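Trainee:
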Amino acid sequence: MRHNIEKLICDIEAIVKTLIDTYKTSNNDFFFTEKEIHSYFYHLCLKSDLFITSSGLNLIHTEYPTPFKCSQLNSEPYIELAPNNSNKMRSHVDLVLLNPNFIDWISENKKSTKYITGLGYKLYSKYIVEFGEQYELFQKEYNEPILLFALEFKYFRHSYAGTKYPQKEIIYDKEKLKLLQKIKINEALIDYCSNVLSLVFIGHRLKNNFDKIKEKTESKNCIFIQKQ
Numbered sequence: 466m467r468h469n470i471e472k473l474i475c476d477i478e479a480i481v482k483t484l485i486d487t488y489k490t491s492n493n494d495f496f497f498t499e500k501e502i503h504s505y506f507y508h509l510c511l512k513s514d515l516f517i518t519s520s521g522l523n524l525i526h527t528e529y530p531t532p533f534k535c536s537q538l539n540s541e542p543y544i545e546l547a548p549n550n551s552n553k554m555r556s557h558v559d560l561v562l563l564n565p566n567f568i569d570w571i572s573e574n575k576k577s578t579k580y581i582t583g584l585g586y587k588l589y590s591k592y593i594v595e596f597g598e599q600y601e602l603f604q605k606e607y608n609e610p611i612l613l614f615a616l617e618f619k620y621f622r623h624s625y626a627g628t629k630y631p632q633k634e635i636i637y638d639k640e641k642l643k644l645l646q647k648i649k650i651n652e653a654l655i656d657y658c659s660n661v662l663s664l665v666f667i668g669h670r671l672k673n674n675f676d677k678i679k680e681k682t683e684s685k686n687c688i689f690i691q692k693q
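For the sequence shown, the working numbering begins at 466 and goes up steadily by one.
(1) Where does L522 fall in DSSP's three states?
(2) Distance check for G521 and D494, CA to CA, integer angstroms please.
(3) Can you find at least 3 beta carbon pairs, one from the segment 534 to 554 and one from the segment 580 to 592, that sit closer than 8 Å?
(4) Within its chain, find whatever has a CB closer than 8 Å to the CB of F621; leave out the 5 residues flanking it on each side and keep chain order.
(5) Which whole-angstrom value is the C-beta distance of H468 and D559, which I expect to be below 8 Å?
(6) Taking the alpha-carbon positions, what's the I474 to K619 distance?
(7) Anyone know if the C-beta pair for L484 and L524 falls short of 8 Å?
(8) I need the DSSP call for Y586, collapsed to helix, strand or coil.
(9) Thinking just about the alpha-carbon of each residue, which of I636, Y529, I544 and E598 is nearest to the one in N651?
(10) What residue does the alpha helix (DSSP H) around Q632 start on, and which one ends it?
(11) Does DSSP classify D656 as helix, strand or coil?
(12) Kindly indicate the opening and closing residues of the alpha helix (DSSP H) around K500.
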């Protein structure tokens, strides 16, 4: 029986709202670091028990590898795809929600769990071809993405000289998530991730004026959160 993926998406969106409300209403120094915000969100997801399958698998994972290599650029969009056989590295996504129907499909067809973890443990240019084949087979049968949700977190707690650094970081995350939504492997276009969101938290000590950055980068997929 197929899982209700729309409900899972609504569930994680509700936990995003809980995180935002917590940040806005908590003590100014409740979170010291970006990692703490990230970890707190992961805690909320696990505590909810909404993302544990009947077989005991966790659908929420952190530092998930991208299905592509990429290069950092000095100007916008600050990131671009790199060839599979290049010496560039894969990037990582702060947190993802896996599609349980993809996990079940892997299990039912007795395929390797490497297609779930995203790690092939050999030459990338070789195993990414295998991954693409499996993604394509699954989508032909289910017409669903591999990932239901991908999130990036940014926390600007202290002031910076100018605005270039925070703007670059925000745009980089936005563009990385955009690349994650549709990927091309073996000439096949894969709907890899259905929903993406970048959360930008602004600390109370920050003296920089974020209005111009916010005006340039904020969208439905990039939300700025400030203390009340």
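All residues carry an ideal CB built from backbone N, CA and C; glycine is no exception.
Computed from a predicted model, the values in this text were never measured in an experiment.
Mentor: Concretely, from the data shown:
(1) Translated into positions along the sequence shown, residue 522 becomes position 57. L522 falls in the coil class under three-state DSSP.
(2) Within the sequence shown, the letter at position 29 stands for residue 494. Within the sequence shown, the letter at position 56 stands for residue 521. About 35 Å.
(3) yes
(4) Within the sequence shown, residue 621 is the residue found at index 156, counting from 1. Hits under 8 Å: P631, V665, F666, I667, G668, L671, N673 and F675.
(5) Within the sequence shown, numbered from 1, the residue matching residue 468 stands at position 3. Within the sequence shown, numbered from 1, the residue matching residue 559 stands at position 94. Not confirmed; about 23 Å, so no contact.
(6) In the sequence shown, residue 474 corresponds to position 9, counting from 1. In the sequence shown, residue 619 corresponds to position 154, counting from 1. Distance between the alpha carbons of I474 and K619: 21 Å.
(7) Working through the sequence shown from its first residue, we reach residue 484 at position 19. Working through the sequence shown from its first residue, we reach residue 524 at position 59. Not closer than 8 Å, so no.
(8) Indexing the sequence shown from 1 puts residue 586 at position 121. Looking at Y586 - three-state DSSP - the assignment turns out to be coil, as it is neither helix nor strand.
(9) As a first step, residue 651 must be located in the sequence shown, where it is residue number 186. Comparing Cα-Cα distances from N651 to each of I636, Y529, I544 and E598, the minimum goes to E598.
(10) Here residue 632 is taken as the residue at index 167 of the sequence shown, counted from 1. Note, Q632: alpha helix (DSSP H), K629 to Q646.
(11) The residue labelled residue 656 in the question sits at position 191 within the sequence shown. D656 falls in the strand class under three-state DSSP.
(12) As a position in the sequence shown, residue 500 is number 35, starting the count at 1. In this chain, the alpha helix (DSSP H) harbouring K500 covers E499 to S513.
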